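Protein chains in written order, with my numbering: chain A, 1 to 417; chain B, 1001 to 1417.
There are 2 protein chains.
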Amino acid sequence: MTRVANVSRTREIDAALRRRAREVIPGGMYGHLSANNLPEEYPQFYARSEGSRVWDVDGNEYVDLMCSFGPVILGHRHPAVEAAVSAQLATGDTQAGPAPCMVELAELLVERVSHADWAMFAKNGSDANTICLMIARAATGNNKVLAARGAYHGSAPWSTPVVRGVTPEDRASVQYYTFNDLASVEAAAAHAAGDVAAVIVSPFKHDAGFDQELVDPAFARGLRGLCDRIGAALVLDEVRAGFRLNHGGSWETIGVEPDLSAWSKAIANGYALAAVLGSAPLAEAASSIFVTGSFWYQAAPMAAAVATITALREQSAVASMLQRGIRLREGLQAQARSAGVAICQTGPPQMPNLRFVGDENFERSRLFGGACAAGGVIVHPRHNWFVSAALSDDDVDDALATTEMAFAAVREQFGGS
Amino acid sequence: MTRVANVSRTREIDAALRRRAREVIPGGMYGHLSANNLPEEYPQFYARSEGSRVWDVDGNEYVDLMCSFGPVILGHRHPAVEAAVSAQLATGDTQAGPAPCMVELAELLVERVSHADWAMFAKNGSDANTICLMIARAATGNNKVLAARGAYHGSAPWSTPVVRGVTPEDRASVQYYTFNDLASVEAAAAHAAGDVAAVIVSPFKHDAGFDQELVDPAFARGLRGLCDRIGAALVLDEVRAGFRLNHGGSWETIGVEPDLSAWSKAIANGYALAAVLGSAPLAEAASSIFVTGSFWYQAAPMAAAVATITALREQSAVASMLQRGIRLREGLQAQARSAGVAICQTGPPQMPNLRFVGDENFERSRLFGGACAAGGVIVHPRHNWFVSAALSDDDVDDALATTEMAFAAVREQFGGS
């Protein structure tokens, strides 16, 4: 059980692995799963995962509210997904060509996602976004891309948020607009003067370190109208949100269809896969570019994706994630109120985001996150969290037992607000 | 057995899958495993793989001399690799953080590859090459990269051989030289006028559609000297060749050490993994860039890599691949001579390349490849082939029984030469 928070949890094996890692990995770790920039209560290395829980290398158990930053949507080691992977691995994975499940998966995605007439597959979310832009450029003959300022579309040179190692030319084709501000998109398009290949946009604003912002349907419709008017492709970056908001595309409820969408993270419940989905008019451009990868035709991740997407709807996973997300959000709000700590929760409940009011340098959220880790709950101080369909009401309640103490720690350190 | 060639092998299931694929995948397939540009005797979809053999969806068996374009180095479904993957999947794969095997793998690579002091991991060979260039740019503050004209370094916009969907800016930082021609590298460096971040080079020239060319040790030493003189990083692209020529880096036998090397394909025997290896002076630059991916910390492919790299040396896999590659090459040469067909075999025997003399439009090699496929051997008409350590003398002899008929078909169609 995780109800008993214990800041003196053993961390010896993790510490030894971190020492070894510093000898053979730059900085000891890199990227979004690095614990370097997290409070010291977070482990770096994990030994085991099952359903809604993860265990670090020292055997400490956690309710996992990060889901590896999204990929784990049915919960860790979901039986149907693992069975599909095992069955596929027993016959073949990286073969002389793709397996039949590639066709099944493309058919399933085309059936589920309303704008999609076809699918291509890759390995990273960055691959999928980059391919969308290449297809848009091939289709339009234009070069420029309009992207929301501060949005994360992957860590390729054109998109990584850190410019070290990036050339000015890597960004030369990107013009920036403000999410939910159509006038800023029009201005960016005007600045690109007839050379716009694509407008890329996330289903909602989920920039790390900021309040999340749902899309204004009028903004989405405006983007569609703009793209139609100037002959650009509308690209929806579903990498982070895909399948957590809907069993189809994230904008289907508001009735706006992109021309291209980029998917990855959750589509195979943690197995490495990305997908580009597109509408029929872009199929020819899609087949005119040359993109490929050594592992893009791997059968096991595709079998995992078929099992994942099937199970998501069979289990009514979106409704389940929404319900547990709301339970968590309401619990957090009540706890913060009781503790006299002002918080701001934004974004879809399936992808919770919690900010402490007046917490300019994330000091409160770091203290909160560290206290949660010490108490057996993995959240993130600056990034949205992720609910999986494996999360039960009891899991939420277990998590809340820890967050209550974490709020108390914030109150004690920083006072009320 | 594959000795009995049969051009009327059943292909109904493959044909039906191709029809379905054309409805939901642009052009029916894309990338390097597409059968669209191959003779009609090649299947598109595969059902099963084991050791040196693959089976298409209609149950036809083939000796696999392509190894999925390199990833399969120990043979399909190698027991030690599969056991490592199963064991890791039974505990966790895409978790809240990396597993201990990430450290073990980094340590193993640093131990095996002489220039390497550290390792980072990604998913695609393209990722690894791009990260090398980003690190070189971060370290030097320079932008330009010198690359061999016609070399394949992946399908990212800066490197894909097809420029559809690519902007001029994507290539603006790349200057081209001629492999094995140091004067051309000096000229490219002079043209880049003090702004060279890196020189990227393959261990040997393995451009598709051309004779392969081993590196001139003086050229390799010259690149090292040039990079030292102008303060650029020497990047060795080991993606295709890595671990087929040596159990360490491909240039260790000639004594030239790069600053950075990019690995992928064979390092995990088909599981999706890429690695960047670097020398100590570049560790700080490596930790200053932001690169990451949703699946880059997956434990199972790292466990597969530890098992693969361990098994490679335990099995003396390089010697085995070399020996079978020589047996194949000598057999092909004798058959071609008997058939009165002039061929040119180039490159390391572990990565065979066969060209028909005077075969300008690849007509002979297409006929030959199609006849091989019909007779139960997978080769490629334009690209180098790959020998795996699972290939036995009997497998080579089985393959040669088919190639003998394929040479006869070439002789019959095109006459002697």
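Glycine residues also receive a C-beta, built at the ideal position from the N, C-alpha and C atoms. Treat the numbers as computed from the prediction; the structure is a model and nothing was measured.
For the beta strand (DSSP E) containing residue i, list its first residue and its last residue.
| i | result |
| --- | --- |
| R1244 (chain B) | Where R1244 (chain B) is concerned, there is no enclosing beta strand (DSSP E), given that its DSSP letter is neither H nor E. |
| L146 (chain A) | K144 to A148 |
| I254 (chain A) | Run containing I254 (chain A): none; DSSP gives neither H nor E here. |
| R1053 (chain B) | R1053 to D1056 |
| I438 (chain A) | What is shown of chain A runs 1 to 417, which leaves residue 438 (chain A) out entirely. |
| R48 (chain A) | Y46 to E50 |
Consult DSSP for residue i and reduce its assignment to one of helix, strand or coil.
| i | result |
| --- | --- |
| T310 (chain A) | helix |
| D1395 (chain B) | helix |
| G1154 (chain B) | coil |
| V291 (chain A) | coil |
| Q175 (chain A) | strand |
| I25 (chain A) | coil |
| V1072 (chain B) | coil |
| V201 (chain A) | strand |
| D14 (chain A) | helix |
| V196 (chain A) | strand |
| D1093 (chain B) | coil |
| R1164 (chain B) | coil |
| T2 (chain A) | With a pLDDT of 42 at T2 (chain A), under the threshold of 50, the predicted position of this residue should be treated as unreliable, though the coordinate-derived value follows. Reduced to three states, the DSSP call for T2 (chain A) is coil. |
| R1009 (chain B) | coil |
| D228 (chain A) | helix |
| A1300 (chain B) | helix |
| F219 (chain A) | helix |
| L400 (chain A) | helix |
| N361 (chain A) | coil |
| A1272 (chain B) | coil |
| V1410 (chain B) | helix |
| E40 (chain A) | coil |
| G1031 (chain B) | coil |
| F386 (chain A) | coil |
| G59 (chain A) | coil |
Checking the sheet assignment: what are the DSSP bridge partners for residue i?
| i | result |
| --- | --- |
| S261 (chain A) | A:L236 and A:L277 |
| K1123 (chain B) | None, per the DSSP bridge assignment. |
| N353 (chain A) | A:T346 |
| I1378 (chain B) | B:D1064 |
| W1118 (chain B) | B:G1278 |
Can you give me the start and stop residues for the alpha helix (DSSP H) that residue i sits inside?
| i | result |
| --- | --- |
| Q212 (chain A) | Careful: Q212 (chain A) lies outside any alpha helix (DSSP H) and carries neither H nor E. |
| R1337 (chain B) | A1317 to A1339 |
| L105 (chain A) | C101 to R112 |
| H1191 (chain B) | L1182 to H1191 |
| A1087 (chain B) | P1079 to L1089 |
Quick check: the segment 110-123 of chain A against the segment 278-292 of chain A, are at least 3 beta-carbon pairs closer than 8 Å? yes
Is the segment 1249-1269 of chain B touching the segment 1217-1237 of chain B in the sense that three or more CB pairs, one from each, lie closer than 8 Å? Contact between the segment 1217-1237 of chain B and the segment 1249-1269 of chain B is present, because at least three Cβ pairs lie under 8 Å.
With 7 Å as the limit, tell me which residues of the segment 286-309 of chain A have their beta carbon closer than that to any beta carbon of chain B; keep them in chain order. A286, S287, S288, I289, F290, V291, T292, G293, S294, F295, W296, Y297 and Q298
Is it a yes or a no for the segment 125-145 of chain A touching the segment 273-290 of chain A, going by three-plus beta-carbon pairs under 8 Å? yes
Counting beta carbon pairs with one atom in the segment 47-62 of chain A and one in the segment 369-378 of chain A, are three or more of them shorter than 8 Å? yes
If we count Cβ pairs, one from each stretch, closer than 8 Å, do we get three or more for the segment 152-160 of chain A versus the segment 1177-1196 of chain B? Because the criterion of three Cβ pairs below 8 Å is not met, the segment 152-160 of chain A and the segment 1177-1196 of chain B do not touch.
Residues of the segment 1077-1097 of chain B whose Cβ lies closer than 9 Å to any Cβ of chain A, in chain order: From the segment 1077-1097 of chain B, only R1077, E1082, V1085, S1086, L1089, A1090, T1091, G1092, D1093, T1094, Q1095, A1096 and G1097 have a Cβ closer than 9 Å to chain A.
Beta carbons nearer than 9 Å to chain B: which residues of the segment 44-56 of chain A have them? The segment 44-56 of chain A vs chain B, Cβ under 9 Å: Q44, F45, Y46, A47, R48, S49, E50, V54, W55 and D56.
Within 8 Å, do at least three Cβ pairs link the segment 184-193 of chain A to the segment 159-171 of chain A? no
Using a Cβ-Cβ cut-off of less than 8 Å, list which residues of the segment 25-39 of chain A approach chain B; keep chain order. I25, P26, G27, M29, Y30, G31, H32, L33 and A35
Report the residues of the segment 236-257 of chain A with a CB closer than 7 Å to any CB of chain B, ordered along the chain. none
Please list, in chain order, the residues of the segment 383-409 of chain A that have any C-beta partner in chain B closer than 9 Å. Answer in chain order: no residues at all.
Return the residues of the segment 1201-1217 of chain B that lie within a Cβ-Cβ distance of less than 7 Å from chain A, sorted by chain order. none
Could you tell me whether the segment 1237-1254 of chain B touches the segment 1340-1352 of chain B, where touching means 3 or more Cβ pairs closer than 8 Å? yes
Check each residue of the segment 340-371 of chain A: if its Cβ is closer than 9 Å to any Cβ of chain B, include it; give the result in chain order. Within the segment 340-371 of chain A, no residue qualifies.
Determine contact between the segment 1076-1092 of chain B and the segment 1013-1032 of chain B, defined as no fewer than three beta-carbon pairs at a distance below 8 Å. Contact between the segment 1076-1092 of chain B and the segment 1013-1032 of chain B is absent, because fewer than three Cβ pairs lie under 8 Å.
Cβ contact (3+ pairs, closer than 8 Å) linking the segment 1089-1105 of chain B and the segment 1324-1331 of chain B: no
Short of 7 Å Cβ to Cβ, which residues in the segment 1007-1021 of chain B face chain A? Cβ contacts with chain A: L1017, R1020 and A1021.
Taking beta-carbon pairs under 9 Å, can you tell me which members of the segment 313-342 of chain A lie near chain B? Sequence-ordered contacts of the segment 313-342 of chain A with chain B are nonexistent [C-beta pairs closer than 9 Å].
Which residues, in chain order, does the segment 60-73 of chain A contribute to contact with chain B at a C-beta distance below 9 Å? Y62, D64, M66, C67, S68, F69, G70, P71 and V72
Please list, in chain order, the residues of the segment 1189-1200 of chain B that have any C-beta partner in chain A closer than 8 Å. none
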